[in-house]
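Below is one structure, written out as structure tokens; the observations come after it.
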Amino acid sequence: MLQSKLFYKANKNKSAEADSVSHDLLTRAGYIDQLMAGVYTFLPLGFLVLKNIESIIRKNMEVIGGQEILMPVLHSKEIWQKTGRWDALNDILFKMKGNGEKEYVLAPTHEESLIPSAKKIIFSYRDLPFYVFHIQLKFRDELRTKSGILRTKEFIMKDLYSFHANQADLDKYYEVAAKAYEKIFKESGIGKITYRTLASGGSFSKYSDEFQMATEIGEDVIYICKKCGIAINKEIKAENPICPKCQGAEFEEKKAVEVGNIFKLGTKFSAPFNLKFTDKDAVDKSVIMGCYGIGLGRLMGAIVEASHDDKGIIWPKSVAPFLVHLIQVENNIKVAKACQKVYQDLQKENIKVLYDDRQKSPGEKFAESDLIGIPYRVVVSERTLKINSVEMKERSKSKIQLIKVKQILNFLKP
RNA sequence: CGGGGCGUGGUGUAACGGUAACACGAACGCUUUGGGAGCGUUUGUUCCGAGUUCGAAUCUCGGCGCCCCGACCA
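Quick note: to get the working numbering, add 53 to the position in the first sequence (first position is 1).
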């Protein structure tokens with residue numbers, strides 16, 4: 054991508070409205086743009102990151118047997134009345150009328166729309182278990198949005214739903230899903246500071262698990278047992294002053310942001326929809342369900358909270374919008390040609406590269422490159438070309454090394 | 001939803017009730033080219049509505065919007 058053509062504009066002035074680091078940096082570097090409170094556009098840079106996060110999640114869902122589907126966002130009132138959530142979730146539902154009196158809701162989550170389909174597919178224990186997931190927009194009229202894309206009214210979420218014949222099978226799969234979640238956060242570059250955290254099950258079951266990334270901006274508090282290392286959330290800590298696993302009494306307290314949450318739903322949703330199957334013993338039983346969510350935009354914001362310095366973002370390679378930021382210093386034909394050659398060679402090898410071909414001062418290009426946070430910076434100038442070299446610098450490191458033009462590919466390929 | 005703060009060019013800010021200004025950006029020209037370059041020219045602003053006043057960005061009322069704290073967060 055030529056930077057001169059990229060639909061973005063970096064801003065050196067600190068944003069007045071953004072007080073969280075991720076909001077400020079993502080806005081100033083041109084990843085996102087706010088339309089109104091809690092509603093954002095993902096500009097090309099931001100959308101590239103979002104798509105990378107999406108593919109990490111998709112891959113790991115497929116590994117544990119998830120089949121991807123696409124569901125409606127527009128739901129009828131009736132299915133939401135069936136589970137009682139038309140009223141129960143009233144405060145956060147975007148409700149509206151169509152032509153005439155028919156009422157609709159913009160889906161805040163998708164159990165209600167999935168189960169009618171499942172009813173037409175599940176009849177026998179032979180049809181179980183199965184796992185479907187979807188990645189799409191959800192709407193919740195949060196009374197208070199905050200911290201940029203960490204908490205919004207409209208957000209892209211991955212939800213996986215599992216259907217089981219019995220509790221034991223759900224319990225087993227739940228652990229498989231939890232492991233997949235740990236992998237997702239590890240691959241997203243926040244594995245070391247993300248804790249599987251025991252939480253209450255809300256209205257579904259006794260316990261659920263949250264995945265909490267430790268960060269000062271977080272709105273949650275987690276407690277990490279100093280003895281066995283497990284994490285529990287505030288509610289659990291209130292109910293159990295000692296560690297529920299090892300009885301330890303000392304905890305490390307950390308602020309955290311919830312990047313994922315998994316639940317055992319049991320028959321909470323299958324019951325109202327009368328979703329049943331005939332078991333081996335010829336008895337009709339309710340299907341047992343689990344659900345597993347991750348907010349993609351929130352994860353993107355969390356990664357920035359976890360990985361930045363005073364100059365800008367430092368993207369983990371796995372989610373970075375580009376792998377290489379190619380910077381042309383000096384606007385003469387010789388340097389431009391050398392840059393174009395490097396640009397084309399990298400692209401031929403499917404290496405994603407942003408080429409700063411603009412007529413700007415070197416200082417401005419470097420400053421903006423640090424702000425945008427692409428993992429590798431390659432600088433081509435008259436000075437380096439004299440020795441057939443370019444400068445290679447990793448965004449996360451301070452060391453700059455000269456490498457031969459011909460060695461660029463070898464350097465970048467692991 | 002309760003409490004607080006704030007709305008001024010695209011962005012960040014200034015202006016006692018008395019001619020709306022500065023920096024960044026953007027555009028053009030010339031000079032520059034290794035950490036947000038220089039000079040010159042240009043561009044563009046008081047959230048909306050009412051009120052007080054000779055006169056309102058400034059005061060009052062109403063609305064709308066944004067941010068923060070809290071509550072909430074299957």
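Think of the CB as a built atom: it goes at the ideal place given N, C-alpha and C, for glycine as much as any other residue.
Assign residue i to one of three DSSP states: helix, strand, or coil.
i: H76; result: helix
i: M124; result: coil
i: C344; result: strand
i: A284; result: strand
i: K199; result: strand
i: V357; result: helix
i: S16; result: Within the shown structure, residues of the chain are numbered from 54 to 467, placing residue 16 beyond reach of any answer.
i: G244; result: helix
i: L88; result: strand
i: D144; result: helix
i: A309; result: strand
i: M266; result: strand
i: M114; result: helix
i: T94; result: strand
i: I440; result: coil
i: E207; result: strand
i: I174; result: coil
i: N314; result: strand
i: S451; result: coil
i: G319; result: strand
i: G222; result: Position check: residue 222 holds Asp in this sequence, whereas Gly was assumed. Note: D222 maps to helix in three-state DSSP.
i: G83; result: coil
i: F304; result: strand
i: K459; result: helix
i: G365; result: strand
Tell me whether residue i is buried or exposed, calling it buried when 16 or more other Cβ atoms sit within 10 Å of its Cβ.
i: Q265; result: buried
i: D362; result: exposed
i: D334; result: exposed
i: I367; result: buried
i: V357; result: buried
i: L159; result: buried
i: Y77; result: It should be noted that the sequence gives Asp, not Tyr, for residue 77. Buried, because 16 or more other Cβ atoms sit within 10 Å of the Cβ of D77.
i: C278; result: buried
i: V274; result: exposed
i: K245; result: exposed
i: D409; result: buried
i: V406; result: buried
i: R448; result: buried
i: D423; result: buried
i: N105; result: buried
i: S57; result: exposed
i: G153; result: exposed
i: C530; result: Because the chain is modelled from 54 through 467, residue 530 falls outside the range shown and cannot be assessed.
i: S177; result: exposed
DSSP beta-bridge partners for residue i?
i: R430; result: H378, K446
i: T162; result: Bridge partners of T162: none, in fact.
i: K150; result: E156
i: C299; result: Bridge partners of C299: none, in fact.
i: V372; result: V372 is not bridged to any residue.
i: D273; result: A309
i: D337; result: T331
i: F183; result: F216
i: L55; result: Y408
i: K191; result: F208
i: L352; result: In the DSSP output, where bridge partners are listed per residue, L352 has none listed.
i: Y260; result: S253
i: S129; result: Y157
| field | the stretch 316-331 / the stretch 164-181 touching (three or more Cβ pairs under 8 Å) | value | yes
| request: Count the CB pairs spanning the stretch 328-339 and the stretch 400-419 that are closer than 8 Å, and state whether there are at least three. | output: The stretch 328-339, when compared against the stretch 400-419, does not touch it at the 8 Å Cβ threshold.
| request: Any chance you could list the beta strand (DSSP E) runs of at least 3 consecutive residues sitting entirely within the stretch 381-420, in chain order? | output: Fully enclosed beta strand (DSSP E) runs of 3 or longer: 406-409.
| message | Within 8 Å, do at least three Cβ pairs link the stretch 386-402 to the stretch 421-433? | response | yes
| So does the stretch 299-307 actually touch the stretch 269-289, counting three or more Cβ pairs closer than 8 Å? | yes
| Okay, do the stretch 100-111 and the stretch 235-247 touch, 3+ Cβ pairs below 8 Å being the bar? | yes
| message | Under 8 Å: do the stretch 240-254 and the stretch 208-223 share three or more Cβ pairs, one atom per stretch? | response | no
| query | Three or more C-beta pairs closer than 8 Å, one from the stretch 130-142 and one from the stretch 88-97: is that the case here? | reply | no
| message | With three or more C-beta pairs closer than 8 Å as the rule, is the stretch 137-146 touching the stretch 181-194? | response | yes
| field | the stretch 199-211 touching the stretch 344-358, judged by at least three CB pairs closer than 8 Å | value | Three or more beta-carbon pairs drawn from the stretch 199-211 and the stretch 344-358 are found closer than 8 Å, and the two stretches are therefore classed as touching.
| said: Does the stretch 178-190 come into contact with the stretch 134-143, if we say contact requires no fewer than three beta-carbon pairs (one atom in each stretch) closer than 8 Å? | reply: no
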